[in-house]
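Working notes, structure below.
Number of protein chains: 2
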Amino acid sequence: MTVQRRIPLAKALSDVDTRQREISEYIDRNKDRFVEKLRILCQQPSVSAQNLGMTGAAQLVERFLKETGFTTESFSPTHGPPIIFGELLSKHGSKTLLVYNHYDVQPVEPVDLWTHPPFSAAVDDGRIYARGASDNKGNIVSRLMAIEAFQKVRGDVPCNIKWVVEGEEEIGSPHFAEFIAKYKGRLTGESAIWEFGGLDYDDRPLVTLGLKGMLYVEFKVQTALKDSHSARAAVVENPAWRLVRMLDTIQDEDGRILIEGWYDDVKPFTAEELEVIRSMPLEEHSIRDELGIKSFLYGLTGFEFKKAFYGSPTANIAGIWSGYTGPGHKTVLPSVARAKMDFRLVPDQDPARLAGKLKQHLARHGFEDIEVSLQAENPAARTPISSPIAKIAARAGKEVFHKEPVTLVTSAASGPMHYFTNTLRLPTVAIGCNHPRSNTHAPDENQRIDVFVQGAKWIAKVIEDFAKSSE
Amino acid sequence: MTVQRRIPLAKALSDVDTRQREISEYIDRNKDRFVEKLRILCQQPSVSAQNLGMTGAAQLVERFLKETGFTTESFSPTHGPPIIFGELLSKHGSKTLLVYNHYDVQPVEPVDLWTHPPFSAAVDDGRIYARGASDNKGNIVSRLMAIEAFQKVRGDVPCNIKWVVEGEEEIGSPHFAEFIAKYKGRLTGESAIWEFGGLDYDDRPLVTLGLKGMLYVEFKVQTALKDSHSARAAVVENPAWRLVRMLDTIQDEDGRILIEGWYDDVKPFTAEELEVIRSMPLEEHSIRDELGIKSFLYGLTGFEFKKAFYGSPTANIAGIWSGYTGPGHKTVLPSVARAKMDFRLVPDQDPARLAGKLKQHLARHGFEDIEVSLQAENPAARTPISSPIAKIAARAGKEVFHKEPVTLVTSAASGPMHYFTNTLRLPTVAIGCNHPRSNTHAPDENQRIDVFVQGAKWIAKVIEDFAKSSE
């Protein structure tokens, strides 16, 4: 950096352009090899929910990182697959960028809806079809491509890189806290890049600055040791009725959560965030068309629709079941009824406090016998719009894709980003090589190869600019 | 009968005793052969819900009836397995007794909980183990045994017998109305014997005089064409919430059904029925022990418990399901939610009228979009306590089992008995060879061989006494 100050500006800029072009050209020259690398990673199943292929995938990720120059460690939590931690020190740069990805994937079911077998990683029409091709293996290999380019072209990376690749993101990162607790002292740096990101429907680069939090609970109501013939319904309590009555106390028909104090800690959007939200693209018509619905809840539309989408705490019944659910009729009085609920949280709602409020709510309404098991507790994550890394990511996206970037104050989805933003206090942006028709979590998941390549250039540019930035 | 009046009473009674003893002795001598016959029928699967083995079972039943002297017809409804109708005319008796049974059985699942394979009909410890051994094949063959005894010992049956054996009882008799409509003119007689019955826990003979009715419905709430990521919960309607809110309008926490006019046509128990109910054994402790519960709904106990059990219309959630119901957590916003409900009815509630009231209720509460499909509609059935056949059955039970019989004004269960009591206007009693530990509808269903044999004698005595009775 100091060197640049001593040479004329035009020459310096031209050098920068040249150096960037070399990185881009390396990526273009080597893309076929990285497509093959991604295919190899995709052909290795890694379904965390089914404990399928996890060790093999972890080993493959660790090998890829090693091959790119990282020193690696495989951290084994008390249960579950390892978390791969890689460090790559810069010879000249002093700044440190953290990177988060995950090597686990969603289950492939229903398999019969896939055009290409989900672990074949077939290349067709400019895409790689595989479970995990987009979420999240495409991003892993795209980033590897960017980092290798620096290593091969310059023999160095512009900044230190600390890379965390976990294997349980798709099941709620149940052991990630263990890793953070142990590695906290080493997970230092100035900024971080989150796992996902990419283009919107108009091929504009998306820079996402936050995630909603989540409290995921399962309720169990048991009223007897075993099911009865429903002839007993006049005298034996039905747990499904009890569950229905309990659930109906949680939210009113206007979507307001009725648990006392639920909204106490909600931090409203700042004026700056609201301004960005106003400009954020969230196409009502595309969601309406996809779902075949005429309108949204409570008649939401426009700015109010976006504010609710990105800013409302929610209470969602993700699953409910009891009794006989097969074809035809069976007259059973069930002994057990269950429901799963995900509560999406916003800053600064604390999932542990809210879990307590939920239990108090149950007790207050006479449902203290209902078992509540907590299956996930993530607070929301939010990086300020004014963060240097947010600006670097947006500017780099514009340069690589030649389109005005879109900044998302937050996604409406959730994840463990709060470990980076809240625990490690790292400004964190989600950028990557995803595209909106990648069928993430669905059959025929795919990775567009052109975005995979351009995404690598975007990451490379962010690494370069981040390393140079003074903040 | 006239003959008997001309001979001295003692001689006549002695003759009657002798004649009865001969029937009983025939049954005892031939019981092993009938055990084998029952085993053959049990080894033939006939799971109506799965359309498994229905034709073979129907043919077997028809053959058995033919072998016992019946002329038979196999009635094929528009769909589903045939209904076997057999007629056996008495040479000397003029009265006609109708008999109802069913040859279909419940599914065998869960198979791994069976000690003996469910279609092996293994004989062990004085019992035949098989799906259907008790419900309802044991009763069919026990009755065959009684009728054959008359044929072989006397060359005649004391009265005409019209026997209906259907194949869809376990799935709600969806085509039985077709049979009744076509055969109504031929289904004439003075009384009828229903499919089930037998002994209570103290080996006392049970005479059951009625069944509750049933309205079985399935609700479907659909709010979108496909499931969404639950990140959309702030703006896209969740059908599970809508279902919960709707269900919570149907019944209050005291078990009162809130559908307008639901109780309008309820005919209270008569004073005579209440007197019998007071003496009816319904052991609270055995149900409490079986289910591991401390108390019953609303603190019901004693007479109030029995009145509710036998006399209350009920609204039971037999099944509810939506979204993700597997292990772990998945954040889905479902597009469809469903529930199955069985409403038990009492005299004189009309299921068709109540179905209309239910739909009006939904409309009144803003749930007119919720689909309601009717899966079964049976009114309640009730034979008066004072019916001659009720008295004959009780008296015969006492003679055969040497225990005071128990009359049940009604069962809390349901079935198509109303076709006999209401449509055909036949006083109908449920008696048979069941016993309370027969695991009906459960794994290890079994038929006690001693009750199977004694039940045949009971039926024989009822046939004899019915034929002789002047009413």
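Going down the list, the protein sequences come from chains A and B. Residue 172 in this note's numbering sits at position 128 of the first sequence; the count goes up by one each step and never skips. Residue 499 in this note's numbering sits at position 455 of the second sequence; the count goes up by one each step and never skips. Using N, Cα and C, we set each Cβ at its ideal position, and we do this for glycine too. Computed from a predicted model, the values in this text were never measured in an experiment.
Cβ separation of residue i and residue j, assumed to be a contact under 8 Å, to the nearest whole Å
i: residue 302 of chain A; j: residue 295 of chain A; result: 6 Å
i: residue 252 of chain A; j: residue 513 of chain A; result: No, residue 252 of chain A and residue 513 of chain A are not in contact; Cβ-Cβ is about 20 Å, not under 8 Å.
i: residue 261 of chain B; j: residue 417 of chain B; result: 7 Å
i: residue 445 of chain B; j: residue 246 of chain B; result: 10 Å between Cβ atoms; not a contact.
i: residue 500 of chain A; j: residue 205 of chain A; result: So it is not a contact: roughly 14 Å between Cβ atoms.
i: residue 239 of chain A; j: residue 476 of chain A; result: 7 Å
i: residue 336 of chain B; j: residue 268 of chain A; result: 6 Å
i: residue 137 of chain A; j: residue 89 of chain A; result: About 37 Å; that fails the 8 Å criterion.
i: residue 419 of chain A; j: residue 124 of chain A; result: With 8 Å as the limit, residue 419 of chain A and residue 124 of chain A do not qualify as a contact, their Cβ atoms being about 14 Å apart.
i: residue 495 of chain A; j: residue 479 of chain A; result: 5 Å
i: residue 171 of chain B; j: residue 498 of chain B; result: Actually they do not touch by this definition, with Cβ atoms about 14 Å apart.
i: residue 31 of chain B; j: residue 433 of chain B; result: Given a span of 45 to 515 for chain B in the structure shown, any question on residue 31 of chain B remains unanswerable.
Residue from the options whose Cα sits closest to the Cα of residue i
i: residue 332 of chain A; options: B/459, B/279, B/102 and B/264; result: B/279
i: residue 426 of chain A; options: A/229, A/203, A/370 and A/467; result: A/467
i: residue 257 of chain B; options: B/118, B/216, B/269 and B/389; result: B/389
i: residue 173 of chain A; options: A/161, A/508, A/183 and A/184; result: A/161
i: residue 241 of chain B; options: B/194, B/187 and B/110; result: B/187
i: residue 100 of chain B; options: B/112, B/113 and B/118; result: B/118
i: residue 364 of chain B; options: B/105, B/381, B/478 and B/313; result: B/381
i: residue 507 of chain B; options: B/72, B/116, B/234 and B/145; result: B/234
i: residue 283 of chain B; options: B/223, B/220, B/317 and B/413; result: B/413
i: residue 62 of chain B; options: B/197, B/170 and B/184; result: B/197
i: residue 228 of chain B; options: B/470, B/485 and B/484; result: B/470
i: residue 272 of chain A; options: A/368, A/435, A/293 and A/341; result: A/368
i: residue 145 of chain B; options: B/151, B/179 and B/224; result: B/179
i: residue 177 of chain A; options: A/157, A/348 and A/152; result: A/152
i: residue 105 of chain A; options: A/121, A/141, A/182 and A/65; result: A/182
i: residue 465 of chain A; options: A/110, A/142 and A/122; result: A/142
i: residue 285 of chain A; options: A/308, A/366, A/428 and A/481; result: A/366
i: residue 372 of chain A; options: B/107, B/214, B/96 and B/207; result: B/214
i: residue 397 of chain A; options: A/307, A/319 and A/330; result: A/307
i: residue 297 of chain B; options: B/343, B/326, B/274 and B/348; result: B/343
i: residue 211 of chain A; options: A/243, A/431 and A/147; result: A/147
Contacts of residue i in chain D (Cβ-Cβ under 9 Å)
i: residue 157 of chain B; result: Considering every chain present, this structure includes no chain D. Its protein chains are A and B.
Subject >> Members of the stretch 410 to 422 of chain A near chain B, C-beta cut-off 7 Å >> reply: 419 and 420
Subject >> chain A contacts from the stretch 343 to 363 of chain B (Cβ-Cβ distance under 7 Å) >> reply: 344, 349, 352, 353, 356, 358, 360, 361, 362 and 363
Original post:
Using Cβ-Cβ distances below 9 Å, what residues of the stretch 126 to 146 of chain B are close to chain A?
Top reply: none
Subject >> Inter-stretch contact (C-beta, 8 Å, three-pair minimum) for the stretch 384 to 391 of chain A and the stretch 353 to 362 of chain A >> reply: yes
Subject >> Any beta strand (DSSP E) of 3 or more consecutive residues that is wholly inside the stretch 422 to 455 of chain A >> reply: 450 to 452
Subject >> Within the stretch 211 to 264 of chain A, ranges of the beta strand (DSSP E) (whole runs, at least 3 residues) >> reply: Those beta strand (DSSP E) runs which fall completely within the stretch 211 to 264 of chain A and span 3+ residues are 235 to 238 and 249 to 252.
Original post:
Does the stretch 79 to 88 of chain A come close enough to the stretch 131 to 138 of chain A to have 3 or more Cβ pairs within less than 8 Å?
Top reply: no
Original post:
On the three-pair Cβ rule with 8 Å, is the stretch 433 to 444 of chain B touching the stretch 235 to 251 of chain B?
Top reply: yes
Subject >> the stretch 165 to 185 of chain B in contact with the stretch 262 to 274 of chain B per 3-pair CB rule at 8 Å >> reply: no
**OP:** With 8 Å as the limit, tell me which residues of the stretch 257 to 284 of chain A have their beta carbon closer than that to any beta carbon of chain B; keep them in chain order.
**Re:** 258, 260, 262, 267, 268, 269, 270, 272, 273, 274, 275, 276, 277, 278, 279, 280, 281, 282 and 284
Subject >> the stretch 191 to 199 of chain A in contact with the stretch 111 to 127 of chain A per 3-pair CB rule at 8 Å >> reply: yes
**OP:** Would you list, in chain order, the members of the stretch 76 to 97 of chain A that have their beta-carbon closer than 8 Å to a beta-carbon of chain B?
**Re:** 93
**OP:** Name, going along the chain, the residues of the stretch 478 to 492 of chain A whose beta-carbon falls closer than 7 Å to a beta-carbon of chain B.
**Re:** none
Original post:
When you check each C-beta in the stretch 364 to 381 of chain A against every C-beta of chain B, which residues fall closer than 9 Å?
Top reply: 364, 365, 366, 367, 368, 369, 370, 371, 372, 373, 374, 375, 376, 377, 378, 379 and 381
Original post:
Taking any Cβ of chain A, which residues in the stretch 191 to 216 of chain B have a Cβ under 7 Å from it, in chain order?
Top reply: 215 and 216
Original post:
According to a CB-to-CB cut-off of less than 9 Å, which residues of the stretch 234 to 249 of chain B neighbour chain A?
Top reply: none
**OP:** At 4 residues or longer, and completely inside the stretch 460 to 493 of chain A: list those alpha helix (DSSP H) runs for me, N to C.
**Re:** none
**OP:** Taking only runs that begin and end inside the stretch 300 to 369 of chain B, name each unbroken alpha helix (DSSP H) of 4 or more residues, in chain order.
**Re:** 315 to 323, 328 to 335 and 346 to 355
Subject >> Uninterrupted alpha helix (DSSP H) stretches inside the stretch 73 to 121 of chain B (no shorter than 4 residues) >> reply: 98 to 111
Original post:
Mind pulling the beta strand (DSSP E) runs of 3 or more residues that sit fully within the stretch 129 to 195 of chain B?
Top reply: Segments of the beta strand (DSSP E) lying fully in the stretch 129 to 195 of chain B: 140 to 146, 166 to 168 and 171 to 173.
Subject >> Contact residues within the stretch 292 to 305 of chain B, judged by C-beta distance below 8 Å to chain A >> reply: 292, 295, 297 and 299
Original post:
Of the residues that make up the stretch 330 to 341 of chain B, which ones have a beta carbon closer than 8 Å to any beta carbon in chain A?
Top reply: 331, 334, 335, 336, 337, 340 and 341
**OP:** Could you please tell me which residues of the stretch 307 to 324 of chain A, in chain order, have their CB closer than 9 Å to any CB of chain B?
**Re:** none
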